[in-house]
Structures are given as structure tokens and as C-alpha cells.
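Participant:
2 protein chains.
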Amino acid sequence: MNDPAITQTWLEAMAVHGARQTAARRAICEVLASAARAMEPLELFTESRKRCAGLGLVTVYRTLEILEELGLVARVHQPGGCNRYIRAAEGHQHLMICSACGKAEYFEGDDLSRLFQQVAGRSDFLVQDHWLQLFGLCRACQSASTS
Amino acid sequence: MNDPAITQTWLEAMAVHGARQTAARRAICEVLASAARAMEPLELFTESRKRCAGLGLVTVYRTLEILEELGLVARVHQPGGCNRYIRAAEGHQHLMICSACGKAEYFEGDDLSRLFQQVAGRSDFLVQDHWLQLFGLCRACQSASTS
DNA sequence: CTCCTTATTGATAATGATTTTCATTATCAA
DNA sequence: TTGATAATGAAAATCATTATCAATAAGGAG
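Just so you know, the sequences run in chain order L and B.
Note that the first sequence ends on residue 274 in the working numbering; no numbers are left out.
Note that the second sequence ends on residue 274 in the working numbering; no numbers are left out.
1. Considering C265 of chain L, what are the terminal residues of the beta strand (DSSP E) in which it resides?
2. With distances taken from CA atoms, which of B:H219, B:V143 and B:V200 is nearest E157 of chain B?
3. Mapping the DSSP letters down to three states, classify L222 of chain L as helix, strand or coil.
4. Rounded to a whole number of angstroms, what is the C-alpha to C-alpha distance between D251 of chain L and S240 of chain B?
5. Buried or exposed: where does K281 of chain B fall if 16 or more other Cβ atoms within 10 Å of its Cβ makes it buried?
6. Since R214 of chain B is in the beta strand (DSSP E), which residue starts that stretch and which ends it?
7. Closer than 9 Å by beta-carbon distance: list the chain L residues that pair up with Q255 of chain B, in chain order.
8. Can you tell me the Cβ-Cβ gap for L253 of chain B and L264 of chain L, rounded? I've got them flagged as a contact below 8 Å.
9. Assuming M141 of chain L and Y212 of chain L are in contact, meaning their beta carbons sit under 8 Å apart, how far apart are those beta carbons, in whole angstroms?
10. Pull up the CB-CB distance for F234 of chain L and V246 of chain B, whole angstroms please, since I reckon it's below 8 Å.
11. Please determine, among B:Q148, B:H204 and B:L242, the residue with the shortest C-alpha to C-alpha distance to A231 of chain B.
12. Identify the contact partners of A247 of chain L in chain B, using a Cβ-Cβ distance below 8 Å as the criterion.
13. Under 9 Å between beta-carbons, which chain L residues line up against Q269 of chain B? List them in chain order, please.
14. Compare the Cα-Cα distances from L194 of chain B to each of B:A163, B:L222, B:G145 and B:A180 and report the closest residue.
15. Determine the DSSP secondary structure at D130 of chain B, reduced to helix, strand or coil.
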């Protein structure tokens, strides 16, 4: 699914949820859907404002709240802070984040769920959910550090 | 290693680091070392104050900063917030958190590192670090929800 | 054991991110 | 086209965290 399609999907999902379709929301969704990195509210505000003059920061917060509530967008936790948002995973995927440029990419982690149950089975916990994130260097940043 | 021993280890590590041994720090370490759950600064403050009258919240923040810097304590990220701290893992361990009571427990995850490299190998990322946390129900809370 | 340097302390003020409030504006169903 | 009402932006309020600073206490030197 490409970026414009994602934006469309998000706006439709919001509509189903009873939320109106506005210029502000469209701008915010477009920016976030096409972002290669997780973005924080202020960045998202600055970028989205280029597409929707007069946009307010508060609207960014409110839109993120809805998108997160609908499971379309996810908050990303990093050593440097936990206020960045990115397109949510499709199915059993996990994030891999470049610690140099911030680029984020999902990878399939379907086979991991089973393992977690098993590993945790050694204790008395009943596992219901898991958070997994990998940090490293993307291809571009590997090359950059070599040269 | 039991709780008083952990406290002692922490205070000694802080001493090596050049930090003085004070009543405030001892109280904070004692509380955090014996905690079964990750605690937020304000909670830690309230509890520690019972052992060290007049303790200030600011000192809790400062002590946490040192303990984290020395790798003795780790920040815990949860859906409800990212401002809780807990005893750091020993070696390749990961956290398992009870979503009902908050109880946290470490489990061995040594064999997982290899898997992450492998899984990520499908992409162009060079994995350097990983964050893994499991959420579920501890034994006590499983029983509670059954009865 | 006492003194003295200096790290540590708590109270207060400042900061920065996020939320709330509210009057105005825009969406969209009828 | 119209009207009920959701959505908006500006400003104020809130909350956690950080910086400031004068008073205090830790702990090495003597």
C-alpha cells in the first residue's frame, strides 16, 4: 500500500469512527503516512503546516490521539524519548530503527510470538503481549560510517 | 543477591564513581532495590521519605539519574507511561510485566539475540541493540481473575 | 578527632511538553 | 441551502522534569 492510499484509508477509518474529514487532518495524515521516520508532534506540526496554512499544534495532538486510538498509528519508544509516532504495523511486525538517521522499518516477527510464550513459560507469567524493537544502522548509514 | 546486598552494591558503585554516601541516597536505593514493581519518581519519593524525613523530590530525580548513568537502574516503558524505574537486568535479561498489578520480573533472553540478528538479516539493517518486554499476568493475578 | 573543601541538599522558580477551555468556523446530513 | 454540531486555533492551565541557589553535611587532610 502506497502513501496516498494509506492516507485515504486513514481518513475513511476516521470517518467510520464518526470523525469529519478536514484539511488539517488530511495534511497531518499525508505527512505521517509518507514519513520514513517516526515523528514527534512538533515536527509533524511544522511539516503539516506547509500543506495546511494556519494549522495549530493542538490539532496535531488531537489527530494523533484519534489515529492512535484507531490503531492506525503507533507511539514509538526510543532512548531519546517516547513522543514520536509512526504508521502502525500490519499484523505481527516489529520496528527496526536506525540509531543514526532515525529511519524506521518494519520486519515480520510472526515466528517470535511462539518463542516468547515458550521463554516466559519458564516463569509463572501468562504472556498476553510483547514489545520488541531493534536498533542498529540502516544500509545508508552503514555506508556512511565506512567511508 | 538480596535487597540489602543490592543497596550496598549500588552505594559502593556510586562511591567509586565519586558520589558521596548520604541518608537520602541510601533510603532511595533501599526502596528501589526492594521494589517488585517499577516505580515512578513521585512514588519513590513518597516511600523513601518514610525512611529519610525531609527528603526532597529533586533528590530522587538526581539519584535516579546517577543510578541510570551507572547502569544500575533502568527506565521502564509501558503503555501507561515511561517514567518508571527498576533494578537493571543482570546480563541478557528482559522484563516481564504484569498488566494487572505491575509486578516486574526478569527472564533470561540470552538465546534471543541470535534470533534477532537472523530475523533482521532479511533486511539491510545491522542490528546493534534490542528492546524486548513481555506483558501479561503474574501467577497471583491469574488466580485472582479466575476466582 | 577537628577542620575545611566541596558535593549534596531542599525550596523555589523556570522550563517544555501536553491538555483544557472557549468562542469562532467548517463539515456534512437532511 | 440550512442547521446542528464537530473541529479548529489561540491562549491559559497543568504536569513532570530541570535549573538555580543558599544552607548543610560528607569525608579526606592534618
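Quick reminder that beta carbons are idealized off the backbone N, C-alpha and C, glycines included.
What you are looking at is a predicted structure, and each value in this text was computed from that prediction instead of being measured.
Facilitator: On the basis of the data shown:
1. By 1-based counting over the first sequence, the position of residue 265 of chain L is 138. That residue, C265 of chain L, is in no beta strand (DSSP E); it is neither H nor E in DSSP.
2. Here residue 157 of chain B refers to the residue found at position 30 when the second sequence is read from its first residue. Here the closest residue by C-alpha is B:V200.
3. What you label residue 222 of chain L is simply residue 95 of the first sequence in a count that begins at 1. Looking at L222 of chain L - three-state DSSP - the assignment turns out to be strand.
4. Locating residue 251 of chain L in the first sequence gives position 124, counting from the first residue. Locating residue 240 of chain B in the second sequence gives position 113, counting from the first residue. Distance from the CA atom of D251 of chain L to the CA atom of S240 of chain B, rounded to whole angstroms, is 23 Å.
5. The question about residue 281 of chain B has no answer here: the residues shown for chain B are numbered 128 through 274.
6. For this step, residue 214 of chain B is matched to residue 87 along the second sequence. Start and end: G208 to R214.
7. Here residue 255 of chain B is taken as the residue at index 128 of the second sequence, counted from 1. Near Q255 of chain B (Cβ distances below 9 Å), the residues of chain L are S226, L261, F262, G263 and L264.
8. Translated into the one-based positions of the second sequence, residue 253 of chain B becomes position 126. Translated into the one-based positions of the first sequence, residue 264 of chain L becomes position 137. About 5 Å separates the two Cβ atoms, so the contact holds.
9. Position 14 of the first sequence holds residue 141 of chain L. Position 85 of the first sequence holds residue 212 of chain L. Wrong, their Cβ atoms sit about 15 Å apart, outside the cutoff.
10. On the first sequence, position 107 is the one that residue 234 of chain L refers to. On the second sequence, position 119 is the one that residue 246 of chain B refers to. That pair is a contact at about 6 Å.
11. Here residue 231 of chain B corresponds to residue number 104 of the second sequence, with the count starting at 1. The option with the nearest alpha carbon to A231 of chain B is B:H204.
12. Within the first sequence, residue 247 of chain L is the residue found at index 120, counting from 1. Those are M223, F234, L261 and G263, listed as they occur along chain B.
13. As a working note, residue 269 of chain B is residue 142 in the second sequence. Near Q269 of chain B (Cβ distances below 9 Å), the residues of chain L are D251, F252 and L253.
14. As a working mapping, residue 194 of chain B is identified with position 67 in the second sequence. For L194 of chain B, the closest of B:A163, B:L222, B:G145 and B:A180 by C-alpha to C-alpha distance is B:G145.
15. Indexing the second sequence from 1 puts residue 130 of chain B at position 3. In the three-state DSSP reduction, D130 of chain B falls in the helix class (H, G or I).
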